[in-house]
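Structure first, commentary second.
Numbering (our numbering), first residue to last: 53 to 319.
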């Protein structure tokens, strides 16, 4: 299951989506999330789904990669939907003892299921098509005005980039430790949820040791290359907006307008 977690992974490519300026991608994901949370009618989800489907098709990211990346979060999504289904007051459809299902609950469950799924997949698309260093540069550039009030923008962007970059590494390390312990007779798959959780505890110590070792190696590598933060630091590749960024920006504005219109006139 750990191999299915793809958050933080980057799939190199030269597609339209890959070639977008990272600042454009970050702004697009912000507008995408705003549009997603503005959805108030089921019809308004259609342009969001179409926008995401087109992004996946153009970027040539395989849909099964997105679906497999969702699997580890499936339980959380289902639990959230169930909570909305059974604990939303309104006109009851049927009632069994103290448990009742309402029309409003069904609507809220469907909305929450779609909203969380589309939100996660949209976020995955950002990391799939943008290299960690590009994300760092884009985030630092967008947050640049905060430097005037002494906010350590470069350091914050670097920490976020390193955290994203280390997610696949730590997942791979966890998988190796699990396989090593399975070879010694450990059982991670049988028993109930509590037993499985207890079986995972022996993974924590070697995983923490590995994480601290990798962090120390990274710090040593950065120091040996005379890294001293963002002051006076130059970049080999300068960010620049192009015509494709204007097209992508227009597309996400159309998405936002479509959601607002369907919220107003849709069903």
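All residues carry an ideal CB built from backbone N, CA and C; glycine is no exception. As the structure is a computational prediction, the values presented were derived from the model and not from experiment.
So is residue i buried or exposed if we call it buried at 16+ other beta carbons inside 10 Å?
i, result
"residue 80", "buried"
"residue 231", "exposed"
"residue 121", "buried"
"residue 84", "buried"
"residue 211", "exposed"
"residue 213", "buried"
"residue 192", "buried"
"residue 116", "exposed"
"residue 300", "buried"
"residue 246", "exposed"
"residue 188", "buried"
"residue 76", "buried"
Can you list, in chain order, the residues of its chain whose CB lies under 8 Å from that of residue i, leaving out five sequence neighbours each side?
i, result
"residue 67", "110, 111, 112, 181"
"residue 259", "222, 225, 226, 229"
"residue 186", "74"
"residue 203", "195"
"residue 146", "152, 153"
"residue 92", "315"
"residue 139", "157"
Determine the direct distance from the alpha carbon of residue j to that of residue i, and round the result to whole angstroms.
i, j, result
"residue 96", "residue 303", "16 Å"
"residue 118", "residue 103", "15 Å"
"residue 254", "residue 73", "43 Å"
"residue 190", "residue 294", "14 Å"
"residue 105", "residue 275", "43 Å"
"residue 135", "residue 196", "41 Å"
"residue 279", "residue 209", "15 Å"
"residue 257", "residue 315", "50 Å"
"residue 264", "residue 251", "22 Å"
"residue 261", "residue 129", "32 Å"
"residue 175", "residue 267", "25 Å"
"residue 241", "residue 131", "21 Å"
"residue 78", "residue 233", "40 Å"
"residue 177", "residue 169", "12 Å"
"residue 143", "residue 305", "37 Å"
"residue 292", "residue 65", "19 Å"
"residue 313", "residue 141", "28 Å"
"residue 237", "residue 290", "52 Å"
List the endpoints of the continuous beta strand (DSSP E) containing residue i.
i, result
"residue 153", "151-154"
Please work out which residues of its chain come closer than 7 Å, Cβ to Cβ, to residue i, disregarding the five sequence neighbours upstream and downstream, and give them in chain order.
i, result
"residue 61", "179, 180, 220"
"residue 87", "100, 307, 308, 311"
"residue 69", "107, 110, 111, 181"
"residue 133", "161, 164, 165"
"residue 172", "122, 125"
"residue 71", "296"
"residue 198", "205"
In the DSSP assignment, the alpha helix (DSSP H) including residue i goes from what residue to what residue?
i, result
"residue 99", "97-111"
"residue 254", "No alpha helix (DSSP H) holds residue 254; DSSP gives it neither H nor E."
"residue 290", "Per DSSP, residue 290 belongs to no alpha helix (DSSP H) and is neither H nor E."
"residue 75", "74-90"
"residue 193", "184-194"
Can you tell me which of the three DSSP states residue i falls into?
i, result
"residue 64", "coil"
"residue 139", "coil"
"residue 204", "coil"
"residue 116", "helix"
"residue 147", "strand"
"residue 279", "coil"
"residue 236", "coil"
"residue 304", "helix"
"residue 241", "coil"
"residue 130", "helix"
"residue 93", "coil"
"residue 71", "coil"
Taking 6 Å as the limit between beta carbons, can you name the residues of its chain near residue i, skipping five residues before and five after?
i, result
"residue 90", "311"
Counting only beta-carbon separations shorter than 8 Å, does residue i have a partner in chain C?
i, result
"residue 178", "The structure shown contains no chain C, having only a single protein chain."
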